[in-house]
Amino acid sequence: MTGRAPKHGRPGAAAVGTTVAGAAVAVAERMLRIDRRWLFAFVTVAVSLPLFFNLQQHVAVTPEARGVRDAVAQLPPGAHVLLACDYDPGSAAELQPMTVTFLKQALSQRLRVIVMGLWPQGPPQADLALEEALRDPAVAALAPRYGIDYINLGFQSGNEVVIQRLGSSIPAVFPRDYRGTPIAQFPIMAGVRDFSSIAYVFNVSAGYPGTVEWVQFAGDRFHAHVGSGTTAVSAPLYYTYYPAQLTGLLGGMKGAAEYEVAAGFTGKAMTYMFSQSLSHIVVVIFILLGNLAFLLTRSRRPQP
Amino acid sequence: MKRRVPLILTAVVGITFVVQFFIPHKPFSGLQNLLTDWVQIIFAFAIWLGALNLMKLSGESLYRRKKRWPYATITIACFVATAVVGLFFSGGSRFQDPGTPFDWIYQNMYNPLSATMFAMLAFYVASASYRAFRARNREATLLLAAGVLVMLGRVPIGDRLTGFLPEGYRLADLADWIMNVPNKAGQRAIMIGIALGIVSTSLRLMLGIERSHLGGRE
Chain A
1 MTGRAPKHGR PGAAAVGTTV AGAAVAVAER MLRIDRRWLF AFVTVAVSLP LFFNLQQHVA
61 VTPEARGVRD AVAQLPPGAH VLLACDYDPG SAAELQPMTV TFLKQALSQR LRVIVMGLWP
121 QGPPQADLAL EEALRDPAVA ALAPRYGIDY INLGFQSGNE VVIQRLGSSI PAVFPRDYRG
181 TPIAQFPIMA GVRDFSSIAY VFNVSAGYPG TVEWVQFAGD RFHAHVGSGT TAVSAPLYYT
241 YYPAQLTGLL GGMKGAAEYE VAAGFTGKAM TYMFSQSLSH IVVVIFILLG NLAFLLTRSR
301 RPQP
Chain B
1001 MKRRVPLILT AVVGITFVVQ FFIPHKPFSG LQNLLTDWVQ IIFAFAIWLG ALNLMKLSGE
1061 SLYRRKKRWP YATITIACFV ATAVVGLFFS GGSRFQDPGT PFDWIYQNMY NPLSATMFAM
1121 LAFYVASASY RAFRARNREA TLLLAAGVLV MLGRVPIGDR LTGFLPEGYR LADLADWIMN
1181 VPNKAGQRAI MIGIALGIVS TSLRLMLGIE RSHLGGRE
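If you read the protein sequences in the order shown, they are chains A and B. Take the first sequence: its letter number 59 is residue 59 in the numbering used here, and every next letter is one higher. Counting from 1 along the second sequence, just add 1000 to a position and that's the residue number in the numbering used here.
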């Protein structure tokens, strides 16, 4: 009982080793055949559970997000900025916080915000964002008024051709606002001709038409300063334009959270970051387990 | 004639846009404005065409009791209901105003349903990542490593996990490097290739060499 190994220990250990290895391979095989509903269950818990806790994580601001904040921050009060909402409710979880923060920053700086959309669902999303931004104490204190400090021009069909036409005449593309009132009646539109009247363009994009078109037409063709907020899945494509053709880039909810931190308006994106962190961790754990199982069972599979 | 007129139109419009880019003065600037206005009108009609086509296909599906006819029924019912509510019960041209029945449909039905559809991607991405991200060979292993690093580096918890490392070597820095260097280089190469392809195809269209868009054989 002193722990001395028996003389015939070698074959025993080998047998135990073989059994353990066999069990590991069996578990690995089961892992590879796991019902995907288990995965769904884990993701559900990882995404939804953190929403019940108001945990704020430290979010480091990247230069891409700081670029958007800085581009807006250096504009003088009264300058016109164009907010192009090219997304729909499907991507609102990622993009709406960016729109809200942009509106908060612009309105609190007394910039004049012109909203439009190349997607039909963009202007109503902008209306929702405006509602939320106007409730912010820093914005509410300035009491911005429709038609003087901000305006929603609505949707215009034509994709990138609309941007091209905006370069020659904004009133020609939008003779009326979102609700059908002639824009000549609004003081905010006085003197607004084309992109030369716009100090900054911020495009919130979920695809086509979106950031690529704004960069190619408003930025490259008419030399407008363009910033972009996009879904995480499309952000890698737009990195090619930063920093030469885009002043800043917000990628997905992380980008939105960074912008909230940089601009000093903590909002929904920051609240959702914990949920996103956990869900990413769950997916990474599953990927690692899947690969471990794959490596353990590799010798049993026929080689190609 | 049936093919010649569209070919001439394509050539005239295409050349006008190209010339206008280099000579943004009259008469080309005026021509460009006129043509872009026409494009907007054509796009607006295309939306109608799309809606009518959707109704036609759904109607056919329902009439012939095709495999997924119940979905076609729902599509038609929702389309008609939304159009009727917007046109006749939401204050005419101010149908988009907050508080109208049309706005109620948008806020309480379209908005959450659309968000739900997109949110389901999270589950499919998770499942697909688990099954597809396998270290089968060197290239796949590189993709796997980049994917895992970006996934962890793009959330605050990644910073926490590597917070003990000096700045510049943390997961977030690695993820930023992947996005800004290899990703950017690859994407630029793809974009340059696409741009060259667009230029050559546009030239072929304007010169009438490419005729497949007219239908039938080249």
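From the three backbone atoms N, C-alpha and C, an ideal C-beta is built for every residue, glycine too. This structure is a prediction, so every number in the text was calculated from the model and none was measured.
- Message: Determine, for Val-1013(B), whether the minimum Cβ-Cβ distance to residues of chain A falls below 9 Å.
- Response: no
- Environment of Glu-1060(B) [buried if 16+ CB atoms lie within 10 Å]: exposed
- Message: Could you compute how far the alpha carbon of Val-1013(B) sits from the alpha carbon of Ala-1046(B)?
- Response: 19 Å
- Message: Helix, strand or coil for Met-1001(B)? Go by DSSP, reduced to three states.
- Response: Met-1001(B) carries a coil assignment under DSSP once its states are collapsed to helix, strand and coil.
- Query: Gly-1171(B) and Gly-1153(B) look like a contact to me (Cβ under 8 Å); what is the Cβ gap, rounded to whole Å?
  - Reply: It is Leu, not Gly, that sits at residue 1171(B) in the sequence shown. Indeed, because the Cβ distance is near 4 Å, the residues count as touching under 8 Å.
- Message: Quick check on the burial criterion: 16 or more other C-beta atoms within 10 angstroms. Buried or exposed for Phe-1089(B)?
- Response: exposed
- Neighbour list for Gly-290(A) in chain B, Cβ cutoff strictly below 8 Å: Tyr-1130, Arg-1131, Phe-1133 and Arg-1134
- Residues near Gly-3(A) in its chain [Cβ-Cβ closer than 7 Å; skip 5 each side]: Interpretation of Gly-3(A) is limited by its pLDDT of 42, a score under 50 that renders its predicted location unreliable; no figure is taken from the coordinates.
- Quick one: what's got a C-beta closer than 7 Å to Val-215(A)'s C-beta in the same chain, skipping five residues either side? Answer for Val-215(A): Val-226, Tyr-241, Gln-245 and Leu-246, listed in chain order.
- Task: Let me know if Phe-52(A) comes out buried or exposed under the rule of 16 or more other beta-carbons within 10 Å of its beta-carbon.
- Result: So Phe-52(A) ends up on the exposed side.
- Message: Considering just the uninterrupted stretch of the beta strand (DSSP E) at Gln-151(A), what are its terminal residues?
- Response: The sequence shown places Ile at residue 151(A), not Gln. First-last of the beta strand (DSSP E) with Ile-151(A): 150-155.
- Query: Ends of the beta strand (DSSP E) at Tyr-200(A)?
  - Reply: Start and end: 200-205.
- Message: Quick check: is the beta carbon of Arg-36(A) nearer than 9 Å to any beta carbon in chain B?
- Response: Arg-36(A) counts as touching chain B.
- Task: State the Cα-Cα distance for the pair Leu-55(A) and Ser-275(A), rounded to the nearest angstrom.
- Result: 9 Å
- Message: Less than 9 Å between the C-beta atoms of Ile-151(A) and Val-113(A), yes or no?
- Response: It is a contact, given that the beta carbons lie within the stated cut-off.
- Query: Buried or exposed: where does Met-116(A) fall if 16 or more other Cβ atoms within 10 Å of its Cβ makes it buried?
  - Reply: buried
- What is the rounded straight-line gap between the Cα of Phe-155(A) and the Cα of Ser-196(A)? 21 Å
- Other residues of its chain near Leu-1007(B): CB distance less than 6 Å, five sequence neighbours each side excluded: Gly-1208
- Task: List the whole-angstrom C-beta distance separating Met-273(A) from Val-59(A), where the pair is believed to meet the contact cut-off of C-beta under 8 Å.
- Result: 6 Å
- Taking one C-beta from the segment 81-89 of chain A and one from the segment 195-209 of chain A each time, how about it: are there three or more such pairs within less than 8 Å? yes
- Message: Here's the rule: buried if 16 or more other CB atoms are within 10 angstroms of the residue's CB, otherwise exposed. What is Ser-1200(B)?
- Response: exposed
- Excluding sequence positions up to five away, which residues of its chain have a Cβ less than 6 Å from the Cβ of Arg-994(B)? Absent from the model: residue 994(B). The displayed extent of chain B is 1001 to 1218, so no value can be given.
- Task: Figure out for me which residue from Glu-258(A), Val-233(A), Gln-164(A) and Ile-281(A) has the closest Cα to the Cα of Phe-1118(B).
- Result: Val-233(A)
- Query: Hey, would you say Gln-105(A) sits closer than 9 Å to Arg-69(A), going by beta carbons?
  - Reply: yes
- Task: Determine the direct distance from the alpha carbon of Ile-1157(B) to that of Glu-307(A), and round the result to whole angstroms.
- Result: As shown, chain A starts at 1 and ends at 304. That puts residue 307(A) outside it, with no answer to give.
- Message: Between the alpha carbons of Phe-1022(B) and Leu-1161(B), how many angstroms are there, rounded?
- Response: Using only the alpha carbons, I get a separation of about 53 Å.
- Proximity test, Cβ basis, 9 Å: Ser-1202(B) and chain A: no
- Item | Extent of the continuous alpha helix (DSSP H) run through Asp-1159(B) | 1156-1161
- Item | Start-to-end residues for the beta strand (DSSP E) that takes in Ser-228(A) | 226-230
- Task: Give a yes or no on whether the C-beta atoms belonging to Leu-111(A) and Pro-77(A) are separated by under 9 Å.
- Result: yes
- Message: Against chain A, with Cβ distances strictly below 9 Å, would Pro-1027(B) count as a contact?
- Response: The C-beta of Pro-1027(B) comes no closer than 9 Å to any C-beta of chain A.
- When DSSP builds the beta bridges, which residues end up paired with Arg-112(A)? His-80(A)
- Residues of its chain near Ala-172(A), where Cβ-Cβ distance is below 7 Å and the 5 sequence neighbours each way are ignored: Arg-165
- Could you list which residues in chain B have their beta carbon closer than 9 Å to that of Ala-93(A), in chain order? Ala-1115, Phe-1118 and Ala-1119
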